[in-house]
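Only one structure is covered here, and it is reproduced in the block below.
Protein chains in written order, with our numbering: chain Y, 1 to 295; chain G, 296 to 611.
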């Protein structure tokens, strides 16, 4: 966890990490209500705490499996990027930090890509993992977004992104900032081709990620309670020196302020995505069905 | 009054002596004093040249933020004729952190936008120290789209510590406004040129710096996060900003080597603040050259070249 301590401001950190005062993989403490949940129950409930409805982090593979038909998907490979061009080091070398994150998560970098079917239709899904160096946007993550969009173009399929990030990867300096225009090029190509780009904002999504591809979707969905913003709460508090309003930068707050279309519970996510893809992609009329009569 | 940075102390001392001697020489005309003056002036120039030839990234950060460094308004006054500022995002308000408008640059009608930091207390407050809110970026989008419709090239002068981190800025969609501005840059069929004249701070900069050609002044900086911000996040210690500045490779020279920017423009001896007119003229020439490079290009070529340029960054 030490790198999280380094990368993530404490406000976000306390929200994300629960102290492991329970045996690993057996009981999990809900960060919201403090109740203890049996890990298996959590898994069976899409990592939403039964009762409090708190949406916990979900690993990339589970997210892909619960989004695609029958849990089946194919991995899309992402091309190589430059390795540590800055030769960045603080107390550790950046390349060593990367290695640790890879070992810990079993992922190559913060964004994983899968292709498969959702309700029988082709779809490409990108999942950003906060556990990989704070989901930070570096060259590899940016390249994954570009590759995912290109794959969607090839398949003429919708591109769905599950975003989660603390922002830029400082260890890559300006190469990180350059991912903002790079990913935007990819989004623009989808737009020009008339393919849906749906963004699901999960907890937390902030910084350079919201200031680029995560806020350029045709449709923005947020998971309940997700922290979503440009600047982190701590930075804002330090700048304006006043207390932040209740629910500030949470999914529901963003919906009130017109930044997201809907806040969707995880159990309804797949059905919502399937319906939206159908409405946007299947423009031929289907057999008329009358809406169920209102009671 | 000339303001000296900490590391300029050796020069400051010599120049103070020169000033003293000048006071004396105006009273009694003496050959000896004039010889001494010449000797000291040579010494001061040499010390200044040596200092500025080997600035550390942190020293460059200080130069880039020098309060007497020429700002947007200075460039606009010297380089533009018929400049007509345009205001407002047509949705919420007018954000003077970003100034923009139409005018003629070396005879050619263009759209000029950029951050203005201000030069005294009143103007700094008026321009919010060059830190824009969503309205500023939405105004930039509106002006870029206007320029695109009328086939006018876009020139942006980048000088910001970053976008403003405030409650209302978040409420009104700071992230979306920045993202949309970057997207608009990428959709322009007219060429755009971005000049980093001081600080290129993070998303607040890239929103108007996603350009066909990106130029940096020799001692300006361009960074994913301010050195102070990086030090505070990485090490919980803003005092380590110097280390962060070194580690993050934020200088024009480093970024040219990485092919993240296209051109570096030399500054006058001792930095742009010593001779603003010369710095502005040199930047004007570089912007004109960059724009000429796209003469005769089709809209599609301009757009594709810009997208391909950014896609190529960091690829093996």
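All residues carry an ideal CB built from backbone N, CA and C; glycine is no exception.
Burial state of residue 289 of chain Y (16 or more Cβ within 10 Å): Counting Cβ neighbours within 10 Å, residue 289 of chain Y comes out exposed, since fewer than 16 surround it.
Other residues of its chain near residue 504 of chain G: CB distance less than 6 Å, five sequence neighbours each side excluded: 453 and 489
Backbone secondary structure at residue 428 of chain G - three-state DSSP: coil
Residue environment, residue 438 of chain G, which counts as buried when at least 16 other CB atoms sit within 10 Å: buried
Inter-stretch contact at 8 Å, needing at least 3 Cβ pairs: the stretch 166-173 of chain Y / the stretch 130-138 of chain Y: Touching, yes, given that three or more Cβ pairs across the two stretches are closer than 8 Å.
Below-8 Å beta-carbon distance, residue 151 of chain Y vs any chain G residue: In terms of beta-carbon proximity, residue 151 of chain Y stays away from the interface with chain G, with every pair separated by 8 Å or more.
Three or more C-beta pairs below 8 Å linking the stretch 223-241 of chain Y and the stretch 448-467 of chain G: Contact between the stretch 223-241 of chain Y and the stretch 448-467 of chain G is present, with at least three C-beta pairs closer than 8 Å.
Buried versus exposed, by CB contacts within 10 Å (16 or more), residue 285 of chain Y: exposed
Selection from Y:62, Y:260 and Y:123 that minimises the alpha carbon distance to residue 115 of chain Y: Y:123
Residues in the stretch 220-243 of chain Y having any Cβ partner in chain G nearer than 7 Å: 229, 230, 231, 235, 236, 239 and 240
Residues sharing a beta bridge with residue 296 of chain Y, DSSP: Summary: the structure shown does not reach residue 296 of chain Y, with chain Y confined to residues 1 through 295, and so no result is reported for it.
Within chain G, partners of residue 81 of chain Y - CB distance below 8 Å: 609, 610 and 611
Alpha-carbon to alpha-carbon, residue 46 of chain Y and residue 157 of chain Y: 26 Å
Complete beta strand (DSSP E) runs within the stretch 449-530 of chain G (minimum length 3 residues, chain order): 449-455, 487-496, 508-512 and 516-518
Alpha helix (DSSP H) runs wholly inside the stretch 135-204 of chain Y, at least 4 long, in chain order: 139-155, 173-177 and 179-193
Residues of the stretch 552-572 of chain G whose Cβ lies closer than 9 Å to any Cβ of chain Y, in chain order: 553, 555 and 556
Three-state secondary structure (DSSP) of residue 71 of chain Y: Three-state result, residue 71 of chain Y: helix.
Residues within the stretch 168-188 of chain Y neighbouring chain G, beta-carbon criterion of under 9 Å: 168, 169, 170, 171, 172, 173, 174, 175, 176, 177, 178, 179, 180, 181, 182, 184, 185, 186, 187 and 188
The stretch 575-592 of chain G / the stretch 52-65 of chain Y touching (three or more Cβ pairs under 8 Å): Too few Cβ pairs lie closer than 8 Å, so no.
For residue 129 of chain Y and residue 498 of chain G, the rounded distance between their alpha carbons: 22 Å
Within-8 Å CB hit, residue 88 of chain Y to chain G: yes
Cα-Cα separation between residue 551 of chain G and residue 607 of chain G, rounded to whole angstroms: 14 Å
Bounding residues of the beta strand (DSSP E) (the contiguous stretch that carries residue 379 of chain G): 375-380
Under 9 Å by beta carbon: chain G residues contacting residue 280 of chain Y: Those do not exist, as residue 280 of chain Y stays about 20 Å from chain G at its closest Cβ, beyond 9 Å.
Minimum Cβ-Cβ distance from residue 39 of chain Y to chain G less than 8 Å: Not one beta carbon of chain G lies nearer than 8 Å to the beta carbon of residue 39 of chain Y.
Beta carbon proximity, residue 262 of chain Y to chain G, threshold 8 Å: no
Nearest-angstrom Cα separation, counted from residue 54 of chain Y out to residue 29 of chain Y: 11 Å
Residues that residue 487 of chain G contacts on chain Y, provided the C-beta gap is smaller than 7 Å: Here the premise fails: no neighbours, minimum Cβ distance about 12 Å.
Reduced DSSP category for residue 288 of chain Y - H, G, I as helix; E, B as strand; rest coil: coil
Residue 238 of chain Y burial status per 10 Å Cβ neighbour count (16 or more: buried): Taking every protein chain shown into account, the CB of residue 238 of chain Y has fewer than 16 other CB atoms within 10 angstroms, so this residue is exposed.
Contacting positions in the stretch 123-154 of chain Y - beta carbon closer than 8 Å to chain G: 139, 142, 143 and 146
Cutoff 8 Å: residue 477 of chain G Cβ touching any chain Y Cβ: yes
Close Cβ partners of residue 18 of chain Y (< 7 Å) along its chain, the five nearest in sequence each way excluded: Any reading at residue 18 of chain Y needs caution, since the residue's pLDDT is 45, under 50, leaving its predicted position unreliable; the model's value is listed next. Here the set comprises 29 and 31.
Interface flag, residue 597 of chain G vs chain Y, CB-CB below 8 Å: no
Inter-residue Cα distance where the pair is residue 160 of chain Y and residue 344 of chain G: 55 Å
Counted within 10 angstroms of its Cβ, other Cβ atoms place residue 215 of chain Y as buried (16 or more) or exposed: buried
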